[in-house]
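In my numbering, the protein residues as written are 6 to 208.
Below is one structure; the comments refer to it alone.
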């Protein structure tokens with residue numbers, strides 16, 4: 006899994022909600038985003054420059070983040086993001102502090118590899134799950150999960166329960182469909198075609 010270094014500035018939470026609201030508005034007006042990190046011995050409240058956050062938010066990749074808050078370095082992962090519903094700007098970000106000895110849960114991108122016979126026959130590949138939720142030590146979590154589809158025919162599907170990755174526990178429902186091949190008007194059942202071709206001609 007890739008790593009990236011980001012810096013934050015510690016902030017103090019105001020005791021009164023009215024003061025806290027004004028402080029948050031000032032932070033965002035200054036091009037920064039309020040953040041929190043939890044999961045370790047204590048929680049950290051801090052701010053980060055929005056442009057820096059864009060590097061880990063608007064990307065298909067996943068990262069271990071070397072988070073430096075006022076000179077103190079922590080390893081973390083991105084846990085949750087709140088967006089402004091109209092402007093779609095980042096309102097708040099949650100980070101989770103990670104420990105090498107404890108498993109974490111992450112959504113890992115899925116890559117389909119190989120040319121499926123069902124697609125060659127005119128079927129349409131439907132990729133229902135772009136990410137899978139895994140539990141593992143962060144040092145064993147890959148950048149992506151590669152699934153071989155080279156044996157998938159028309160009407161076939163791959164479910165979570167059929168998959169296995171060394172060192173990883175998949176925690177999505179076992180009957181959830183990861184990908185499937187849907188027949189189209191132009192699709193041909195290659196198996197049936199082959200059998201027809203091999204059948205003896207009628208006399």
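We treat Cβ as the ideally placed atom computed from N, Cα and C, and that holds for glycine.
Between the alpha carbons of residue i and residue j, how many angstroms are there, rounded?
i, j, result
"residue 143", "residue 162", "29 Å"
"residue 7", "residue 61", "11 Å"
"residue 92", "residue 140", "33 Å"
"residue 58", "residue 192", "45 Å"
"residue 97", "residue 88", "7 Å"
"residue 39", "residue 172", "35 Å"
"residue 201", "residue 187", "Bear in mind that a pLDDT of 48 at residue 201, under 50, signals an unreliable position, so the number given afterwards is only what the model happens to contain. Going by the C-alpha atoms only, they are around 22 Å apart."
"residue 28", "residue 94", "18 Å"
"residue 180", "residue 167", "9 Å"
"residue 81", "residue 149", "18 Å"
"residue 44", "residue 17", "19 Å"
How close, in whole Å, do the beta carbons of residue i and residue j come, if the pair is a contact with beta carbons under 8 Å?
i, j, result
"residue 165", "residue 147", "Not confirmed; about 17 Å, so no contact."
"residue 113", "residue 83", "The pair is not a contact, with the Cβ atoms about 13 Å apart (cut-off 8 Å)."
"residue 75", "residue 15", "5 Å"
What residue from the options has the CA that sits closest to residue i's CA?
i, options, result
"residue 53", "84, 85, 13, 27", "13"
"residue 170", "130, 189, 115, 188", "115"
"residue 131", "157, 41, 34, 66", "157"
"residue 211", "120, 151, 190", "The shown model of the chain, from 6 to 208, leaves out residue 211, and the question about it has no answer."
Please tell me whether, using a cut-off of 7 Å, the distance from the CB of residue i to the nearest non-hydrogen atom of the ligand GDP is below it.
i, result
"residue 17", "Among the ligands in the structure shown, none appear at all, so the ligand GDP cannot be discussed."
Within the 8 Å Cβ cut-off, does residue i reach chain C?
i, result
"residue 170", "Among the chains in the structure shown there is no chain C, since it carries only a single protein chain."
Item to complete: Could I get the ranges of all uninterrupted alpha helix (DSSP H) runs contained in the region 102-187, with 4 residues as the minimum, in chain order?
Response: The region 102-187 contains these whole alpha helix (DSSP H) runs: 122-125.
Discussion item. Does the structure place the region 70-81 close enough to the region 9-16 that three or more beta carbon pairs sit under 8 Å?
Written reply: Judged by Cβ distances under 8 Å, the region 9-16 makes contact with the region 70-81, as three or more pairs qualify.
Discussion item. Suppose only complete runs of 3+ residues qualify. What are the beta strand (DSSP E) ranges in the region 60-89, listed by chain order?
Written reply: You should have 68-74, 77-88.
Worksheet item: Can you list the alpha helix (DSSP H) stretches of 4 or more residues lying completely in the region 21-53, in chain order?
Response: Complete alpha helix (DSSP H) runs here, min 4: 22-34.
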